[in-house]
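Here the structure comes first, spelled out in structure tokens, and everything after it is commentary.
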Ligand code: SF4
Ligand code: SF4
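Residue numbers (my numbering): 39 to 436.
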């Protein structure tokens, strides 16, 4: 029987958060079951992009502070990690995401280490699922003694809902994420990828920030819904099944969870999930706004593919700036960079962007594909022409 703890928490006041989280962990047997002094604990946050903590799109920085404070007081070394969804922007904005969310500041103030998954290296794994393809997951999830998944309670305009199962997608560094949106175009098949990551990764505990949830057109364009909940479980699927029940949804209506149920990543049957904490049964979130197409059969990621292709970029060594230090060559997890010529073998490259992140001389450019470059250059030329004309007109008039 899986257990999900639901705690009521009205705001991000640090003392309240620490008290509620500690009470919740107490219902699972207490922190001593999970950590001991000296352990390295990775907090896998949700940093989907450069968004503020008040946006409802990312794990709130004060939520991260509370966990960091608790774990530091228990003598642990705390790491905070993620890789943002950079594929759609053509670059990986993870650094900016840590800053914009306030998590970088929290880490500095609390003495935690930031683990930007785009530059920490990867571990190759071979999942057992439908795609049977090698996968590269961020190395810190294997280096840490304990990994705590800190998802945000949000809607998803394609997948209806995103929580503990989906949050692990950020363990795929850099631009490689785009590949999975291309090969798994329906929410159901995308769920297979998520089940692969859960199967091969190490995620021991799941603590969801559902205080300010996101409703409507999530995961970034929705609005904040004051849900006032913290959900805690060792079972990510049970946690998600309870969360969607709060929205009046059943697991059949959220196809990204289907593969995790089928492959027994966790418990998908509500009858076999025990509710504890401030509730004995699952509370309903009244007037919570679901995405417009939450019922749509046409809902899938295929519509994103042209956009992903359009915005794609690839790393390329700028030989004029390159100092031949070979940091990129040595850090490339798939040895795709030739030591002598610095040419990148794009058949091998997994687009993790380690090289781009680690080059101290900014000698690795992210080259957009030709069509995008043409569009960007045309826009720039048009902008220059218009502004020059405008300035000329103003000069003539004055
Ligand atoms: S890390 Fe940068 S400077 Fe060093 S070899 Fe690679 S591209 Fe050149
Ligand atoms: S060349 Fe290597 S380090 Fe650079 S993006 Fe490709 S796989 Fe990653």
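By construction, the Cβ of each residue, glycine as well, lies at the ideal position given by its N, Cα and C atoms. No experiment lies behind these values; they were computed from the predicted model shown.
Item to complete: Please report how far the alpha carbon of residue 409 lies from the alpha carbon of residue 352, in whole angstroms.
Response: Taking the chain shown and counting its residues from 1, one reaches residue 409 at position 371. Taking the chain shown and counting its residues from 1, one reaches residue 352 at position 314. Any reading at residue 409 needs caution, since the residue's pLDDT is 49, under 50, leaving its predicted position unreliable; the model's value is listed next. Computed Cα separation, rounded: 13 Å.
Worksheet item: How would you write the range of the alpha helix (DSSP H) that residue 265 sits in, first residue to last?
Response: If you number the chain shown from 1, residue 265 lands on position 227. Counting along the chain, residue 265 falls outside any alpha helix (DSSP H), though it belongs to the beta strand (DSSP E) covering 261-271.
Worksheet item: Can you name the start and end residues of the alpha helix (DSSP H) that residue 178 belongs to?
Response: Position 140 of the chain shown holds residue 178. Its alpha helix (DSSP H) spans residues 178-181.
Practice prompt. Inspect the beta-carbon positions of residue 52 and residue 103 and report whether they are closer than 8 Å.
Written response: Here residue 52 corresponds to residue number 14 of the chain shown, with the count starting at 1. Here residue 103 corresponds to residue number 65 of the chain shown, with the count starting at 1. Cβ atoms of residue 52 and residue 103: closer than 8 Å.
Worksheet item: Can you tell me whether residue 399 is buried or exposed, with buried defined as 16 or more other CB within 10 angstroms of its CB?
Response: In the chain shown, the residue the question calls residue 399 occupies position 361. With fewer than 16 other Cβ atoms within 10 Å, it is exposed.
Fill in: Span of the beta strand (DSSP E) around residue 245
Mapped onto the chain shown, residue 245 falls at position 207. The continuous beta strand (DSSP E) containing residue 245 extends over residues 243-253.
Worksheet item: Relative to the alpha-carbon of residue 217, which residue among 117, 57, 123 and 320 has its alpha-carbon at the smallest distance?
Response: Start at 1 with the first residue of the chain shown, and residue 217 comes out as number 179. The shortest Cα separation from residue 217 among 117, 57, 123 and 320 belongs to 123.
Worksheet item: Any heavy atom of ligand 2 within a distance shorter than 7 Å of the CB on residue 363?
Response: Residue 363 sits at position 325 when you count from the first residue of the chain shown. Not so, every heavy atom of ligand 2 lies at least 7 Å from the Cβ.
Item to complete: Use the C-beta contact count for residue 205: other C-beta atoms within 10 angstroms, 16 or more gives buried, fewer gives exposed.
Response: Within the chain shown, residue 205 is the residue found at index 167, counting from 1. In this structure residue 205 is buried. Its beta-carbon is surrounded by 16 or more other beta-carbon atoms within 10 angstroms.
Discussion item. Can you look up residue 194 in the DSSP assignment and give me helix, strand or coil?
Written reply: Walking along the chain shown from the start, residue 194 turns up at place 156. Residue state for residue 194 is assigned as strand, using DSSP reduced to three classes.
Worksheet item: When the Cα atoms are used, what is the spatial distance from residue 284 to residue 120?
Response: Against the chain shown, residue 284 aligns to sequence position 246. Against the chain shown, residue 120 aligns to sequence position 82. Going by the C-alpha atoms only, they are around 27 Å apart.
Worksheet item: When DSSP builds the beta bridges, which residues end up paired with residue 223?
Response: For the purposes of this step, residue 223 is taken as residue 185 along the chain shown, with counting starting at 1. Residue 223 is not bridged to any residue.
Discussion item. I'd like the list of long-range same chain contacts for residue 163, defined as Cβ closer than 7 Å, with 5 residues on each side in sequence excluded.
Written reply: By one-based count along the chain shown, residue 163 stands at place 125. Within the same chain, 173, 175 and 238 come within 7 Å of residue 163 by CB-CB distance, once the 5 residues on both sides are set aside.
Discussion item. Here's a check: name, in chain order, each residue in its chain whose Cβ is nearer than 7 Å to the Cβ of residue 314, leaving out the five neighbours to either side.
Written reply: As a working mapping, residue 314 is identified with position 276 in the chain shown. Sequence-distant Cβ neighbours of residue 314 in its own chain, meaning closer than 7 Å and more than five residues away, are 41, 43 and 65.
Worksheet entry | Straight-line gap, residue 125 to residue 215 (C-alpha atoms, nearest Å) | For this step, residue 125 is matched to residue 87 along the chain shown. For this step, residue 215 is matched to residue 177 along the chain shown. Reliability of the predicted coordinates at residue 125 is poor, the pLDDT of 46 falling under 50, and the value obtained from them is presented with this limitation in mind. Rounded to whole angstroms, the gap between the alpha carbons of residue 125 and residue 215 is 7 Å.
Practice prompt. May I have the straight-line CA-CA distance separating residue 63 from residue 278, to the nearest angstrom?
Written response: The residue you call residue 63 lines up with position 25 of the chain shown. The residue you call residue 278 lines up with position 240 of the chain shown. Between the C-alpha atoms of residue 63 and residue 278 there is a straight-line separation of about 18 Å.
Worksheet item: What separation, rounded to the nearest whole angstrom, lies between the Cα atoms of residue 189 and residue 201?
Response: Against the chain shown, residue 189 aligns to sequence position 151. Against the chain shown, residue 201 aligns to sequence position 163. Taking the straight line joining both Cα atoms gives about 5 Å.
Practice prompt. Report the three-state DSSP secondary structure of residue 56 (helix, strand or coil).
Written response: Within the chain shown, the letter at position 18 stands for residue 56. Here residue 56 sits in helix by DSSP.
Discussion item. Taking the alpha helix (DSSP H) that residue 280 belongs to, which residues open and close that run?
Written reply: Counting from 1 along the chain shown, the entry for residue 280 is found at position 242. From DSSP, the alpha helix (DSSP H) with residue 280 extends over 274-284.
Worksheet entry | Cβ-based burial, residue 330 [other Cβ within 10 Å; buried from 16] | Taking the first residue of the chain shown as position 1, residue 330 is located at position 292. With fewer than 16 other CB atoms across the displayed protein chains lying within 10 angstroms of its CB, residue 330 is exposed.
Worksheet item: Does the beta carbon of residue 373 sit closer than 8 Å to a beta carbon anywhere in chain C?
Response: The chain labelled as chain C is not found in the depicted structure, where only one protein chain is given.
Practice prompt. Select from 263, 236 and 146 the residue whose C-alpha is nearest the C-alpha of residue 300.
Written response: Taking the chain shown and counting its residues from 1, the one referred to as residue 300 is at position 262. Of 263, 236 and 146, the smallest CA-CA separation from residue 300 is found for 236.
Worksheet item: So is residue 378 buried or exposed if we call it buried at 16+ other beta carbons inside 10 Å?
Response: To locate residue 378, count along the chain shown from 1; it is residue 340. Exposed, since its Cβ has fewer than 16 Cβ neighbours within 10 Å.
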